[in-house]
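For reference, the structure is listed below as structure tokens.
There are 2 protein chains.
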Amino acid sequence: MKRKKVDRQSLRTRQMLADSLMNLLFEKSYASITIQEILDRANVGRSTFYSHFYDKEDLLVSSLGHVFEVLNQQLISGIDEKSILPSLGLFQHVEQHYKLYKAFVRGNCVDLLLEKAKDFLYIMVEERFSSLDLDPHIPEIPISVLMTYVVNTLITLLKWWLDHEMPYSAKRMDDIFQRLVSPQLPPSYFG
Amino acid sequence: MKRKKVDRQSLRTRQMLADSLMNLLFEKSYASITIQEILDRANVGRSTFYSHFYDKEDLLVSSLGHVFEVLNQQLISGIDEKSILPSLGLFQHVEQHYKLYKAFVRGNCVDLLLEKAKDFLYIMVEERFSSLDLDPHIPEIPISVLMTYVVNTLITLLKWWLDHEMPYSAKRMDDIFQRLVSPQLPPSYFG
DNA sequence: TTGATAATGAACATATTGTTCATTATTAAA
DNA sequence: TTTAATAATGAACAATATGTTCATTATCAA
Chain U
0 MKRKKVDRQS LRTRQMLADS LMNLLFEKSY ASITIQEILD RANVGRSTFY
50 SHFYDKEDLL VSSLGHVFEV LNQQLISGID EKSILPSLGL FQHVEQHYKL
100 YKAFVRGNCV DLLLEKAKDF LYIMVEERFS SLDLDPHIPE IPISVLMTYV
150 VNTLITLLKW WLDHEMPYSA KRMDDIFQRL VSPQLPPSYF G
Chain A
0 MKRKKVDRQS LRTRQMLADS LMNLLFEKSY ASITIQEILD RANVGRSTFY
50 SHFYDKEDLL VSSLGHVFEV LNQQLISGID EKSILPSLGL FQHVEQHYKL
100 YKAFVRGNCV DLLLEKAKDF LYIMVEERFS SLDLDPHIPE IPISVLMTYV
150 VNTLITLLKW WLDHEMPYSA KRMDDIFQRL VSPQLPPSYF G
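In order, the protein sequence lines correspond to chains U and A. Sequential numbering from 0 applies to the first sequence in numbering that gives the first Met the number 0. Sequential numbering from 0 applies to the second sequence in numbering that gives the first Met the number 0.
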């Protein structure tokens, strides 16, 4: 008599809505997309939408959630002790999911995406920094500023990459990131 | 028979609307502010609003315009040949207009403001870089990336400063900026 | 087959936007 | 002070989007 908590139909509907939103992002800006358009393209009823999501942004964030889970796995498995962030893994992940990230660029809502990514990265950086146990009195640059700087530099490079049709490889982008950021990091503090 | 193109009443109305928006930004997010609320607080009729501005963002940008003119003057007069950007002038400007910039932070629309500032700074950096006539083959970091990096680092510091209730002086912030960015700039390329 | 869950669609209330227009108020210049 | 040009007003209006409700139908797991 009981059923699984989430059955196929429900998942299918969510998938249709997510796809519909992504398709629309290729054509017009996120802000200008109405819920009705999403419904029409997904062939889903209005009331169905509201039984799944709170609003338009909820759908977007939910669609994102899945991608972030993949990203998380990819980053955790590719952690390199020597670097302050698994930046190469991040660039490779974006390279692999090019189409999806491009949709966000075209829909003028990369910032929303990158904002989530930023929170994500900030936590990672924080862990790395605390495990390195830096003496906060050495540099004239406060740790809090430094962490923000590192994360934002990575995000800036990502955005530049996407905005410029990704002319370089993930490896090359990571190399640029390392070069920009390394003078400010531990080796130079201690050496 | 003819009058000045803009008379007092008109300016007063615009001022009232701008003030009203700024006050509301202290209380709630930009996105959640309706035009009606702005009108009520400014004691201005609905049709009057639309004879002055195209929409809510138009009002915001217009209010900004004035501040940017002041900023421009301040930056131009304080240009230092040795630095890549008049960053100190920018930090000082924000310090002086603290209340206004704080409103943007509280209203969750600093990004809109910083986006405009970014365009503004990008033009300046571009001029500086082209006058320095860097050999594009020396660094592994493309000039385009480098310029984006410099501007975004400055913006990141600004945002951090505002988000953290501006704990340091403008001078100190500028010092941090110089330290972060200088390893990537000409002297280190040539030396 | 059946009982639980999901989807549907149409109707509804509500909110916000942007326009129109006749009337009134303000202002610069004669 | 008068006058002609410009601005402001407010109420009504159409248009659009949002979010809810509910009775009916479809789907799926057991």
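We put the beta carbon where it would ideally sit given N, CA and C, even for glycine.
{"query": "Residues in the segment 41-75 of chain U having any Cβ partner in chain A nearer than 9 Å", "result": "none"}
{"query": "Residues that PRO182 (chain U) contacts on chain A, provided the C-beta gap is smaller than 7 Å", "result": "PRO182"}
{"query": "Residue-chain proximity (LEU10 (chain A), chain U), Cβ-Cβ < 9 Å", "result": "no"}
{"query": "Simplified DSSP assignment, three categories, for ASN42 (chain U)", "result": "coil"}
{"query": "Collapsed DSSP secondary structure at ILE34 (chain U) in the structure displayed", "result": "helix"}
{"query": "Runs of alpha helix (DSSP H) lying entirely within the segment 135-183 of chain A, each at least 4 residues, in chain order", "result": "142-162 and 169-180"}
{"query": "Whether PRO182 (chain A) touches GLN183 (chain U) by CB criterion (9 Å)", "result": "yes"}
{"query": "9 Å Cβ cutoff, TYR121 (chain U) in contact with chain A", "result": "no"}
{"query": "Length of the line joining the Cα atoms of LYS170 (chain U) and VAL93 (chain U)", "result": "12 Å"}
{"query": "Sequence-distant residues of its chain with Cβ nearer than 8 Å to SER28 (chain U) (five each side left out)", "result": "GLY106, ASN107 and CYS108"}
{"query": "Proximity of VAL149 (chain U) and VAL124 (chain U) at Cβ, strictly below 9 Å", "result": "yes"}
{"query": "Start and end residues, alpha helix (DSSP H) containing ASN107 (chain A)", "result": "Segment: none, ASN107 (chain A) is in no alpha helix (DSSP H) and carries neither H nor E."}
{"query": "ALA41 (chain A) classed as buried or exposed, judged by whether at least 16 other C-beta atoms fall within 10 angstroms", "result": "buried"}
{"query": "4-residue-minimum alpha helix (DSSP H) runs that sit fully inside the segment 65-129 of chain U, ordered along the chain", "result": "86-95 and 97-105"}
{"query": "is_contact[VAL109 (chain U), chain A] using C-beta, thresh 9 Å", "result": "no"}
{"query": "Pick from A:PRO138, A:VAL69 and A:GLU26 that is closest to ILE88 (chain A), judged by C-alpha positions", "result": "First, the residue type needs correcting, since residue 88 (chain A) is Gly and not Ile in the sequence shown. Per the Cα distances, A:VAL69."}
{"query": "Among A:ASP174, A:PHE176, A:ASP18 and A:PHE67, the one whose alpha carbon lies nearest that of GLU36 (chain A)", "result": "A:ASP18"}
{"query": "SER61 (chain A) vs ARG13 (chain A) beta-carbon contact at 9 Å", "result": "yes"}
{"query": "Chain-ordered neighbours of ASP174 (chain A) on chain U, where CB pairs are closer than 8 Å", "result": "GLU139"}
{"query": "Cβ neighbours of SER86 (chain A) in the same chain (closer than 7 Å, five flanking residues each side left out)", "result": "LEU153, ASP173 and PHE176"}
{"query": "Outcome for GLN8 (chain A) when other beta-carbon atoms lying within 10 angstroms are tallied against a minimum of 16", "result": "exposed"}
{"query": "is_contact[SER201 (chain A), chain U] using C-beta, thresh 9 Å", "result": "Summary: the structure shown does not reach residue 201 (chain A), with chain A confined to residues 0 through 190, and so no result is reported for it."}
{"query": "Nonlocal neighbours in the same chain, by C-beta distance under 6 Å from LYS1 (chain U), ignoring five residues either side", "result": "Any reading at LYS1 (chain U) must be qualified, since the residue scores a pLDDT of 46, below 50, and its modelled position is unreliable; the value itself is stated next. So the list is empty, once near-sequence residues are dropped."}
{"query": "Assigned exposure category for ILE32 (chain U) - 16 Cβ within 10 Å defines buried", "result": "buried"}
{"query": "Contacts of VAL124 (chain U) in chain A (Cβ-Cβ under 7 Å)", "result": "What VAL124 (chain U) touches in chain A: nothing, since even the nearest Cβ is about 14 Å away."}
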